[in-house]
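Note that our numbering has the sequence shown beginning at 189, numbered continuously upward. The structure appears right after this line, and notes come after that.
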Amino acid sequence: MNLGTVGTGWITSSFIEAAQLSKEFKLVGVYSRTVEKAEILADTYNASEVFSDLEEMAKSEKIDVVYIASPNSVHFEQALLFLKNKKHVICEKPIFSNTGELEEAFKTAEANGVYLFEAIRNIHTPNFKTLKEKLPMAGEIRSAILPYIKYSSRYDLFLQGEEPNIFSSTYSGGALVDLGVYPLYLAVGLFGAPKKSTYIPVILRSGVDGSGTLVLEYEEFVCTILCSKLSHSTILCEIHGEEGTFVLEDAAPISQIEFYDSHSKDSKTLSVPLEEKNMVYECKNIAGIINTNNQKEYQELKRLSEIVLKITEASRKQNNIIFDSEK
Ligand SMILES: NC(=O)c1ccc[n+]([C@@H]2O[C@H](COP(=O)([O-])OP(=O)(O)OC[C@H]3O[C@@H](n4cnc5c(N)ncnc54)[C@H](OP(=O)(O)O)[C@@H]3O)[C@@H](O)[C@H]2O)c1
C-alpha cells in the first residue's frame with residue numbers, strides 16, 4: 189500500500205522505518221506545514237511526493253493510507269479530510285480529543301469504504317497476545333497495577349514557562365491521554381470495560397494533568413493505572429491472580445513477561461524478544477486487516493478505541509479538565 193505521512197517529529201521517522209520493515213507499505217508522500225521539512229523527510233526515506241497543502245495530499249491518487257502524527261487536537265480535522273477522500277487512516281494515540289469526534293470519524297470511514305485505526309503499539313505485539321492467552325494461568329485476578337511513569341524532556345520547557353503541546357489544553361494534552369492510554373489499552377484489552385473508573389490527577393498550571401492515578405473497578409478486582417510525565421519510575425507492571433502473578437517490564441511495548449507461580453514459587457519467561465522497531469507489529473496487523481477485509485479484528489480494535497476514549501473523556505470530566513476545542 190502506498191503510504192503518506194503527516195507531521196515530522198521523531199515518531200514519524202520511527203513509523204516509516206517500521207512500515208518499511210513490515211514490507212507492507214511503500215512511503216510515497218510526506219506532508220509538513222513547511223516545504224523544507226517535508227523535503228528533508230522525503231529525501232531521508234525516498235518518498236517521491238512532497239506536500240505542504242493537506243487538501244492536495246488528500247486528493248492525491250498516489251496515496252492509499254495516511255499515518256497522522258500531529259498534535260492530538262489536530263488529529264480529528266486531518267483524519268476527517270483523508271477519510272472523506274477515501275484514504276485509510278492510521279492516527280497516532282490518543283486518536284481524538286473525545287468520543288463525539290471518534291463516532292463521527294468512524295461513521296465517515298464507513299461511509300467512504302475505508303478503515304480508521306489508532307496507532308497503539310502494545311496491543312499488537314506478540315507478547316500482548318501471549319499475555320491474553322495465558323491470563324487464565326493466574327487464576328482469579330485479584331488486583332493489577334500498571335504504571336507508565338516517564339519524565340518528559342518537554343517538562344523542562346514547561347518549568348521554564350513555556351507550554352509544549354503535550355502539556356497544553358489547546359492541543360488536547362496531558363499525562364493520561366499521552367502515557368496513561370498504554371496501560372489503559374492493556375487493561376481494557378485483557379479485562380474488558382470496567383464497571384466504574386475514577387481518575388485522581390495532578391493538574392498543572394495549563395489546566396491539564398501532569399500525572400495521575402486511574403482506578404478501574406471490575407467485578408472481583410481493582411486495576412490501578414499510574415501515569416506521569418513529571419517523574420521517573422522503576423516500578424514494573426503486575427497482574428495478581430490467586431494462582432500466580434504476571435510481571436511486565438513495561439506497559440508498552442511489553443518487552444518482557446515473567447510468570448510467578450503462587451504455590452511452587454517457580455517463575456518462567458513467557459515473552460519473546462521484540463523487534464527493535466516494534467511499531468512493525470501494528471504495521472503488519474493493520475495491513476493484514478485492510479488487505480483481507482478482516483472485519484472481526486477491525487471491530488475489536490474499534491471497540492478498544494471506543495472504550496479507552498470513553499474512559500479518558502470521563503476522567504477529564506470528573507476533574508474539569510476541558511480541552512480548548514470543547515470550551
Ligand atoms: N506511538 C508512540 O510511541 C508515540 C510517540 C510520540 C508521540 N506520539 C504521538 O504522535 C503525535 C505527535 O507527537 P509529537 O510529540 O511529535 O507532537 P508535536 O511535536 O507537537 O507535533 C508533531 C508534528 O506535528 C506538526 N505540528 C506541530 N504543531 C502543529 C499545529 N499546531 N498544527 C498542525 N501541525 C502541527 C509538526 O510537523 P510540521 O511542522 O512538519 O508540520 C510536528 O513535527 C501525538 O499524537 C503523540 O501522542 C506517539
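C-beta: ideal position from N, C-alpha, C; glycine also.
*Between the Cα of residue 423 and the Cα atoms of 430, 439, 280 and 433, which residue gives the shortest distance?*
Position 235 of the sequence shown, counted from the first residue, corresponds to residue 423. Of the candidates 430, 439, 280 and 433, the one whose C-alpha sits nearest the C-alpha of residue 423 is 439.
*Look at the alpha carbon of residue 223 and the alpha carbon of residue 231, and state the distance between them as a whole number of angstroms.*
As a position in the sequence shown, residue 223 is number 35, starting the count at 1. As a position in the sequence shown, residue 231 is number 43, starting the count at 1. One C-alpha to the other measures close to 12 Å.
*With a threshold of 16 other CB atoms inside 10 Å of the CB of residue 451, please say whether the residue is buried or exposed.*
Walking along the sequence shown from the start, residue 451 turns up at place 263. Answer is exposed; the Cβ neighbour count stays below 16.
*My understanding is that residue 467 touches residue 235, with C-beta atoms under 8 Å, so please give their C-beta distance in whole angstroms.*
Against the sequence shown, residue 467 aligns to sequence position 279. Against the sequence shown, residue 235 aligns to sequence position 47. With 8 Å as the limit, residue 467 and residue 235 do not qualify as a contact, their Cβ atoms being about 18 Å apart.
*Can you tell me the Cβ-Cβ gap for residue 251 and residue 216, rounded? I've got them flagged as a contact below 8 Å.*
As a first step, residue 251 is located in the sequence shown; it is residue number 63 there, counting from the start. As a first step, residue 216 is located in the sequence shown; it is residue number 28 there, counting from the start. Indeed they touch by this definition, with Cβ atoms about 6 Å apart.
_Cβ neighbour criterion (16 or more within 10 Å) applied to residue 280_ = Here residue 280 refers to the residue found at position 92 of the sequence shown. With 16 or more Cβ atoms within 10 Å of its Cβ, residue 280 is classed as buried.
*Going by CA-CA distance only, name the one from 436, 225, 454 and 396 that's closest to residue 332.*
Position 144 of the sequence shown, counted from the start, is the residue given in the question as residue 332. Minimum Cα distance to residue 332 is reached at 436.
*Have a look at residue 312 and residue 485 and give me their C-alpha separation to the nearest angstrom.*
One-based indexing of the sequence shown puts residue 312 at position 124. One-based indexing of the sequence shown puts residue 485 at position 297. Cα to Cα, the separation comes out at about 11 Å.
*Going straight from the alpha carbon of residue 398 to that of residue 477, what length do you get?*
For the purposes of this step, residue 398 is taken as residue 210 along the sequence shown, with counting starting at 1. For the purposes of this step, residue 477 is taken as residue 289 along the sequence shown, with counting starting at 1. So the two alpha carbons sit approximately 35 Å from each other.
*To which residues of the same chain is residue 282 closer than 6 Å at the C-beta, ignoring the five residues directly before and after it?*
Reading the sequence shown from its first residue, position 94 is the one you call residue 282. These residues qualify, in order along the chain: 260, 365 and 369.
*State the DSSP-derived secondary structure class of residue 268, mapped to helix, strand or coil.*
Within the sequence shown, the letter at position 80 stands for residue 268. Residue state, collapsed to three classes: helix.
_Here's the rule I'm using: 16 or more other beta-carbon atoms within 10 Å means buried, otherwise exposed. How should residue 388 be labelled?_
Stepping through the sequence shown from its first residue, residue 388 is reached at position 200. That one is exposed.
_DSSP bridge partner residues for residue 365 (one or two, in chain order)_ = As a position in the sequence shown, residue 365 is number 177, starting the count at 1. BP columns for residue 365 are empty, so no partner.
_The alpha helix (DSSP H) that contains residue 344, what's its start and end?_
Locating residue 344 in the sequence shown gives position 156, counting from the first residue. From DSSP, the alpha helix (DSSP H) with residue 344 extends over 341-347.
*Please list, in chain order, all residues of the same chain as residue 254 whose beta carbon is under 6 Å from its beta carbon, the five residues on each side excluded.*
What you label residue 254 is simply residue 66 of the sequence shown in a count that begins at 1. Closer than 6 Å at the Cβ level, and outside the excluded window around residue 254, lie 192, 270, 275 and 277.
*Tell me whether residue 341 is buried or exposed, calling it buried when 16 or more other Cβ atoms sit within 10 Å of its Cβ.*
For the purposes of this step, residue 341 is taken as residue 153 along the sequence shown, with counting starting at 1. Residue 341 is exposed by the Cβ-count criterion.
*How about residue 202 and residue 417: do their beta carbons lie closer than 8 Å?*
The sequence position of residue 202 within the sequence shown is 14, counting from 1. The sequence position of residue 417 within the sequence shown is 229, counting from 1. Not a contact, by the Cβ cut-off of 8 Å.
*asked:* Does the beta-carbon of residue 412, which I'm using as the reference point, lie nearer than 7 Å to any heavy atom of ligand 1?
replied: Along the sequence shown, read from residue 1 onward, the residue named residue 412 stands at position 224. Checking the Cβ of residue 412 against ligand 1 gives no.
*Return yes when the Cβ of residue 315 is within less than 8 Å of the Cβ of residue 373, no when it is not.*
Position 185 of the sequence shown holds residue 373. Position 127 of the sequence shown holds residue 315. The answer is no: Cβ separation not under 8 Å.
*Using three-state DSSP, classify residue 276 as helix, strand or coil.*
Walking along the sequence shown from the start, residue 276 turns up at place 88. The answer is strand: DSSP assigns residue 276 an E or B state.
*With distances taken from each beta carbon to the nearest heavy atom of ligand 1, which residues come in below 5 Å, in chain order?*
195, 196, 197, 199, 220, 221, 225, 257, 258, 259, 260, 262, 280 and 353
*Straight-line CA distance for residue 356 to residue 334?*
By 1-based counting over the sequence shown, the position of residue 356 is 168. By 1-based counting over the sequence shown, the position of residue 334 is 146. If I take the Cα positions, the gap works out to 25 Å.
_Nearest candidate by alpha-carbon position, reference residue 395, set 508, 226, 268 and 237_ = Here residue 395 corresponds to residue number 207 of the sequence shown, with the count starting at 1. Checking every option, the nearest Cα to that of residue 395 belongs to 508.
*Along the chain, where does the alpha helix (DSSP H) that runs through residue 491 open and close?*
Within the sequence shown, the letter at position 303 stands for residue 491. Here the alpha helix (DSSP H) through residue 491 covers 483-506.
*Going by the beta-carbon positions, is the gap between residue 380 and residue 390 smaller than 8 Å?*
Within the sequence shown, the letter at position 192 stands for residue 380. Within the sequence shown, the letter at position 202 stands for residue 390. Contact: no.
*Specify, as a first and last residue, the run of the beta strand (DSSP E) that residue 219 falls within.*
By one-based count along the sequence shown, residue 219 stands at place 31. Taken as a continuous stretch (DSSP letters only), the beta strand (DSSP E) holding residue 219 covers 214-219.
*asked:* Out of 363, 307, 302 and 249, which one is the CA nearest neighbour of residue 263?
replied: Here residue 263 corresponds to residue number 75 of the sequence shown, with the count starting at 1. Closest by alpha carbon: 307.
*Take residue 425 as the anchor and find which of 414, 431, 238 and 432 has the nearest alpha-carbon.*
Stepping through the sequence shown from its first residue, residue 425 is reached at position 237. For the residues 414, 431, 238 and 432, the minimum Cα distance to residue 425 belongs to 414.
_Beta-carbon gap between residue 511 and residue 322 smaller than 8 Å_ = Sequence index remark: in the sequence shown, residue 511 carries index 323 (1-based). Sequence index remark: in the sequence shown, residue 322 carries index 134 (1-based). Their beta carbons are not under 8 Å apart, which means residue 511 does not touch residue 322 by this criterion.
*Would you please state the rounded distance, in angstroms, between the beta carbons of residue 218 and residue 229? I believe it to be under 8 Å.*
The count along the sequence shown starts at 1 and reaches residue 218 at position 30. The count along the sequence shown starts at 1 and reaches residue 229 at position 41. Confirmed, about 5 Å.
*Three-state secondary structure (DSSP) at residue 323?*
As a working mapping, residue 323 is identified with position 135 in the sequence shown. Three-state DSSP puts residue 323 in a helix.
*7 Å Cβ shell around residue 294 - same chain, five flanking residues per side excluded*: Looking up residue 294 in the sequence shown gives position 106. Around residue 294: 304 and 490.
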